[in-house]
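Numbering (the working numbering), first residue to last: 4 to 227. Note that CB positions come from ideal geometry on N, CA and C, so glycine has one too. What follows is a single structure, written as structure tokens, with notes after it.
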């Protein structure tokens with residue numbers, strides 16, 4: 004069983020549907036429903052932190068849960084606000100991006116690093132289009148040494164981070180968006196990291212056939 008922390012966001016159920024498509028049993032808990040320790044005592048296979056409004060500091064138990072997951076060695080994936088919270092949990096600062104990026108497509112490029120414990124982007128191509136909905140980003144100048152950047156936009160904005168010594172991963176973009184090309188692959192790799200099993204290429208191909216290739220239909224609308 005996986006726990007999906009809902010930061011009061013409409014994308015939470017999109018994540019639930021994508022994870023369910025991949026065969027995961029997922030329980031949704033609001034970010035103020037119980038303590039971080041109570042979540043850990045449920046002994047989830049993994050934890051997913053949803054997107055949401057506001058800042059990591061205002062996201063209920065999110066930051067405490069990330070630290071608790073590290074101590075309990077429970078794999079965790081943060082999406083958008085969850086990604087920012089992962090950085091904030093270990094001391095990074097979060098800053099505003101100008102202009103905000105909502106409903107925009109960007110090409111994300113993976114960064115090659117042997118520092119991280121696992122690569123949650125392992126099934127993704129070296130560059131792939133994603134959908135972004137955010138007005139905040141991780142301030143790279145404050146990123147602690149224990150976190151490594153795993154992906155960026157062409158303009159250099161951090162799009163992915165992972166902990167060097169724990170199965171804690173974050174993506175700034177929305178893998179659960181119908182226009183994010185590699186979303187199922189990212190979630191499938193996270194499930195594999197959690198020991199849930201390997202998703203077949205045939206299954207991924209079938210699920211990805213549902214994705215809108217807006218990057219191909221509107222290439223001039225890609226955001227850096």
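Per DSSP, residue 209 is one residue of the alpha helix (DSSP H) stretching across 204 to 211. C-alpha of residue 41 to C-alpha of residue 65: approximately 13 Å in a straight line. Using a Cβ distance threshold of 8 Å, residue 36 and residue 50 do not count as a contacting pair. Per DSSP, the continuous beta strand (DSSP E) segment holding residue 49 begins and ends at 49 to 52.
As the crow flies, the alpha-carbon of residue 175 is around 13 Å from that of residue 123. Pairing residue 12 with residue 54 gives a Cβ-Cβ distance under 8 Å. Its Cα nearest to that of residue 126, the residue 188 stands out among 15, 79, 199, 188. Taking the Cβ atoms as the reference, residue 154 lies roughly 4 Å from residue 162, within the contact range of under 8 Å. Take residue 118, set aside five residues on each side of it, and the residues of its chain with a beta-carbon closer than 7 Å to its own are 151, 167, in chain order. Residue 89 has its alpha-carbon roughly 22 Å from the corresponding atom of residue 199. A distance below 7 Å between beta-carbons, with the five flanking residues on each side excluded, links residue 211 to the following residues of its chain, in chain order: 187. Residue pairing by DSSP places residue 136 opposite 105 in a beta bridge. In this structure, residue 85 sits away from residue 31, with a CB-CB distance that is not shorter than 8 Å.
Under the three-pair Cβ rule at 8 Å, the region 103 to 121 counts as touching the region 134 to 153. The alpha-carbon separation between residue 34 and residue 61 amounts to approximately 10 Å.
In terms of CA proximity to residue 172, 80 leads the group 128, 196, 214, 80. Residue 109 and residue 185 have their alpha carbons spaced roughly 13 Å apart.
Put simply, of 130, 120, 63 the residue whose alpha carbon is nearest the alpha carbon of residue 112 is 130. In this structure, residue 29 lies near residue 19, with their beta-carbon atoms less than 8 Å apart.
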